[in-house]
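Residue numbers (the working numbering): 3 to 307.
Idealized CB from N, CA, C, for every residue including glycine.
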Amino acid sequence: MTLTPQQGQDYLTEHGIPQVIESIMIGLLHERPEDPLTFMQSCIEDTKRIGGTKHVKWDSFVPSSPVSSIFPSILGPDIFKTEIPQMTNQEYGQLSTTDHEHIEQEASSEKTTSGAMGSKTIVFVIGGPGSGKGTQCERIVKKYGFTHFSSGDLLRAEVASGSSRGEELKAMMGRGDLVPLETILKLIKDNIASQPDSKGFLIDGYPREVQQGIEFEKVVGSCTFVLWVDVSQDTMVKRLLKRGETSGRVDDNEETIRKRLKTFVDSTEPVIKYYEEQNKVKRVDSERDVETVFADVEKIFDNLQ
């Protein structure tokens with residue numbers, strides 16, 4: 003039986019596989035065992051012992067030390083850096099003109115991104131389908147001059163551009179392959195670098211997993227805070243069913259909606275916890291009307307000035 007990418011993702015999420023893998027990876031980084039396979043096997047056994055994957059959290063396989071003391075040491079900015087020997091002038095002179103241009107373009111890209119980042123505000127926006135985060139982002143863009151995008155937006159735009167990278171992505175998705183995280187991060191990084199005049203960036207629906215946030219900070223930069231547009235699942239269901247009356251979308255039925263919400267909650271809970279431990283989560287209650295919610299959002303962004 004051939005699965006679509008969405009069916010594959012739904013299967014893995016339904017069985018709690020992403021959070022188990024993520025927790026094992028974080029445990030490996032903390033413990034750094036000489037025999038990683040034995041450590042991973044023990045994690046699987048622990049998962050069974052505590053009652054299954056639904057009980058696994060992002061920090062299940064690290065000691066019960068305060069997160070603030072664990073992560074600066076094991077996930078600091080230098081942990082994944084590889085020392086690359088510097089090229090001598092003689093070696094550089096032996097390269098072809100094309101190689102020279104490639105190196106200079108890479109260096110220029112890095113410099114541009116660094117300049118674009120500067121002291122820019124980067125906000126991860128998290129909220130389930132029907133939470134109203136899209137509406138709030140539109141208002142933030144209009145009032146504060148931020149740039150709003152999602153990784154999905156960037157992927158679609160790259161494919162539509164017809165670029166060589168876009169063609170590679172199109173072929174990859176056509177085969178049902180998952181787009182590598184490093185490719186997504188490169189798209190985000192390039193998008194930020196291309197908009198040096200933006201007041202800040204709202205990255206919608208990111209990260210979906212703790213590890214994505216960690217990789218983002220290594221490749222792109224630190225997020226300033228997480229804007230959590232919070233609303234109950236019952237409210238989201240009602241809103242999405244209401245939208246389904248006119249949208250014509252086949253996935254706007256209650257069974258599918260509740261499945262999507264479960265996927266969202268299961269993947270987002272550890273992300274929220276991770277950033278709460280860093281005091282980076284700004285929660286707004288989206289049960290209320292749009293204007294009242296945005297009034298709270300304004301207080302958050304006004305304090306950035």
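Looking only at C-alpha atoms, which of the options sits nearest to residue i?
| i | options | result |
| --- | --- | --- |
| Glu16 | Phe218, Val267, Ser153 and Phe296 | Val267 |
| Arg167 | Phe151, Ser152 and Lys188 | Lys188 |
| Gln280 | Arg34, Thr226, His57 and Leu243 | Thr226 |
| Asp291 | Gln138, Val239 and Lys172 | Gln138 |
| Gln214 | Thr294, Lys50, Thr270 and Thr265 | Thr270 |
| Lys282 | Ser224, Asp12 and Glu217 | Ser224 |
| Thr49 | Glu36, Asp37 and Gly18 | Gly18 |
| Phe296 | His57, Leu156, Gly136 and Glu278 | Gly136 |
| Lys275 | Val22, Asp61, Lys240 and Arg51 | Asp61 |
Pull up the distance between the alpha-carbon of residue i and that of residue j, whole angstroms please.
| i | j | result |
| --- | --- | --- |
| Pro20 | Ile205 | 21 Å |
| Arg260 | Gly132 | 12 Å |
| Tyr146 | Thr55 | 41 Å |
| Val181 | Arg285 | 30 Å |
| Leu31 | Phe63 | 10 Å |
| Gly176 | Glu170 | 10 Å |
| Leu263 | Asn255 | 12 Å |
| Val233 | Gly207 | 15 Å |
| Ala159 | Val228 | 25 Å |
| Ser34 | Glu184 | Reading off the sequence, residue 34 comes out as Arg, not Ser. Their backbone Cα atoms lie some 23 Å apart in a straight line. |
| Lys191 | Gly134 | 26 Å |
| Leu39 | Gly10 | 25 Å |
| Thr248 | Glu140 | 22 Å |
| Phe303 | Glu47 | 45 Å |
| Lys59 | Pro272 | 6 Å |
| Arg210 | Gln235 | 18 Å |
| Ser288 | Asp37 | 47 Å |
| Glu257 | Leu242 | 11 Å |
| Thr265 | Glu219 | 24 Å |
| Met174 | Tyr13 | 20 Å |
| Asp179 | Glu293 | 41 Å |
| Arg245 | Lys172 | 30 Å |
| Leu306 | Glu278 | 19 Å |
Taking DSSP's pairing of strands, which residues face residue i in a bridge?
| i | result |
| --- | --- |
| Arg285 | Trp230 |
| Val127 | Asp206 and Leu229 |
| His150 | Leu204 |
CB residue i to CB residue j, shorter than 8 Å?
| i | j | result |
| --- | --- | --- |
| Val231 | Val125 | no |
| Val143 | His150 | yes |
| Val212 | Glu24 | yes |
| Ile194 | Val221 | no |
| Lys301 | Phe203 | no |
| Cys45 | Ile28 | no |
| Gly130 | Met42 | no |
| Ser153 | Ile186 | yes |
| Ser196 | Phe148 | no |
Which of the three DSSP states is assigned to residue i in this structure?
| i | result |
| --- | --- |
| Leu204 | strand |
| Phe303 | helix |
| Pro38 | helix |
| Ser62 | coil |
| Ile52 | coil |
| Lys122 | coil |
| Val222 | coil |
| Arg158 | helix |
| Asn255 | coil |
| His17 | coil |
| Gln214 | helix |
| Glu278 | helix |
| Pro87 | Residue placement at Pro87 is poorly supported in this model, since its pLDDT is 41, which falls under 50; the coordinates still yield a value, given next. Looking at Pro87 - three-state DSSP - the assignment turns out to be coil, as it is neither helix nor strand. |
| Val181 | coil |
| Pro198 | coil |
| Arg290 | coil |
| Gly136 | helix |
| Ser166 | helix |
From the beta carbon of residue i, is the nearest beta carbon of chain B less than 8 Å away?
| i | result |
| --- | --- |
| Ile259 | This model lacks chain B altogether; it includes just one protein chain. |
Looking at the ligand ATP, does it come within less than 7 Å of residue i, judged from the CB to the closest heavy atom?
| i | result |
| --- | --- |
| Met42 | With respect to the ligand ATP, the structure shown offers nothing to examine, as it has no ligands at all. |
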